[in-house]
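Visitor: Just passing along the structure, written as structure tokens.
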Amino acid sequence: MKYTSFLIKYAEIAIKGKNRHLFEEALCKQIKIALKKCEGQFVISRTYGRIYIDYESDFDFDETVAALQCVFGITGICPVVHVEDKGFEQLGNDLKKYIDDVYPDKNHTFKINARRARKNYPMDSMELNTELGAVVLEAYPEMTVDVHNPDILLTVEIRENIYMYSEIIPGPGGMPIGTSGKAMLLLSGGIDSPVAGYMIAKRGVTIDAVYFHAPPYTSERAKQKVIDLAKKVAKYTGPINLHVINFTDIQLAIYEKCPHDELTIIMRRYMMRIAEDIAKENKCIGLITGESIGQVASQTMQSLVATNEVCTLPVYRPLIGFDKQEIVEISEKIDTYETSILPYEDCCTIFVAKHPVTKPNLNIIKRDEGNISDVIDELYKTALETDEVIVVE
């Protein structure tokens, strides 16, 4: 079938009132960025409630659809055929040609879904439904009408041009990237944090990320694993500035001078402090973590209170109520799971206590942090100076 365009459907954008055009423009911008990676030349246009992608050259259909399925804000991708308005008889012939090209097997139920946006067209939507349905039944007696659950929903849109389509390929939904501010993702090599970044980005948030590296206790392969995860998330979010921080000296100081059952909490508190400093420097207005209540010792309610205490920016935890299997299912959908389970450990798993505290007392944690007060300022400053920024696309 020689499709002539894609019709792009969206949902939430349609209820944005007077700001709607800003969201539509942002969506068009993200579509344009996504299609730059595809073979072919495309023209993106929009009318009220619709975005169209027309092709100016040959293109790879599957490649193009795959790229569009990574654009947040798109709920449906409809391959359409554009026909000229030469009267109803020609419209009926065009519809029959469409059915012949797309559905060689005619043993299907169908429904006509005509939409007349151009009000000067001589037939209204109900009349078009009736008359076009009659054309199909006369041409293909083996096809039958089912208005409730048809096999084929034949949509005919009468606008400035006339479009026909019957397939809606699902998009990722959400809001276009760049419409909801910017946040800093604490990205590790595990399953959870890439999913958390994906879910917040789906709400239109631009993402940067920070990774805490602990050489020689964590290898370059562990670092590359995180870069690879960032690449997979960047398919949806666009380029990510990945900040790699050498965290070894801070971890060793905590390990040597603080109670071992508090290692994870105190390390997390310093990670959050550093992440927040980098976030503020890069105009982020929130932090993102992959924490889920009760999943590990550092993610109990009491532990999260102790971690949050060091932050002034809001901390977004989109997985907070998810169980592990739900998170795994999303990671499989976005193709991060197989990378996340590669056996290259990050700094959180290397310096973990055998019996971590699960209900830390904030006053005690703050008191024990004082054990490294003589060295932490210099170590903290040095860690920030190690910031290696990798642009991941």
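According to my numbering, the sequence shown is numbered sequentially starting from 191. Positions of the beta carbon are idealized from the N, C-alpha and C atoms, including for glycine.
Does DSSP classify Asp275 as helix, strand or coil?
Guide: Looking at Asp275 - three-state DSSP - the assignment turns out to be coil, as it is neither helix nor strand.
Visitor: Just to confirm, are Lys514 and Ser493 a CB contact at a threshold of 9 Å?
Guide: It is not a contact, given that the beta carbons lie outside the stated cut-off.
Visitor: May I ask you to verify whether the segment 200 to 212 touches the segment 247 to 261, counting CB pairs closer than 8 Å and requiring at least 3?
Guide: The answer is no - the segment 247 to 261 does not touch the segment 200 to 212, with fewer than three Cβ pairs under 8 Å.
Visitor: Rounded to the nearest angstrom, what separates Val233 and Ser247 at their Cα positions?
Guide: Going by the C-alpha atoms only, they are around 10 Å apart.
Visitor: Taking the beta carbon of Gln280 as the centre, do at least 16 other beta carbons fall within 10 Å, making it buried, or is it exposed?
Guide: Exposed.
Visitor: Given a threshold of 16 other Cβ atoms within 10 Å of its Cβ, counted over all protein chains shown, does Arg458 qualify as buried or as exposed?
Guide: Buried is the call here.
Visitor: So for Glu481, helix, strand or coil by DSSP?
Guide: Coil.
Visitor: I need the straight-line Cα distance from Thr237 to Ile221, nearest angstrom please.
Guide: Cα to Cα, the separation comes out at about 15 Å.
Visitor: Do Ala304 and Val346 have their C-beta atoms closer together than 9 Å?
Guide: It is a contact, given that the beta carbons lie within the stated cut-off.
Visitor: Going straight from the alpha carbon of Leu509 to that of Glu350, what length do you get?
Guide: Distance between the alpha carbons of Leu509 and Glu350: 45 Å.
Visitor: Quick one: residues in its chain with C-beta nearer than 7 Å to the C-beta of Pro550, no 5 flanking neighbours on either side, listed in chain order?
Guide: Excluding positions up to five away in sequence, the list reads Glu452, Ile455, Gln492, Ser493 and Ala496.
Visitor: Which term fits Glu214, buried or exposed, when burial requires 16 or more other beta carbons within 10 angstroms of its beta carbon?
Guide: Buried: at least 16 other Cβ atoms inside 10 Å.
Visitor: Among the residues of its own chain, which have a CB less than 8 Å from the CB of Lys413, if the five just before and after it don't count?
Guide: Tyr401, His403 and Val434.
Visitor: Which full runs of the alpha helix (DSSP H) of 4+ residues lie inside the segment 201 to 228, going along the chain?
Guide: Runs of the alpha helix (DSSP H) inside the segment 201 to 228: 210 to 225.
Visitor: Assign Met365 to buried or exposed, taking buried as 16 or more other Cβ atoms, counted over all protein chains shown, within 10 Å of its Cβ.
Guide: Met365 should be labelled buried.
Visitor: Could you please give me the residues that DSSP links to Ala373 through a beta bridge?
Guide: Paired residue(s): Ile397.
Visitor: Give me whichever residues DSSP pairs with Leu197 in a beta bridge.
Guide: Tyr242 and Cys268, per the DSSP bridge assignment.
Visitor: Once DSSP output is grouped into helix, strand and coil, what is the label at Met365?
Guide: Strand.
Visitor: For Phe300, tell me which candidate among Pro360, Ile342, Tyr288 and Ile264 has the shortest Cα-Cα distance.
Guide: That would be Ile342, whose Cα lies nearest to the Cα of Phe300.
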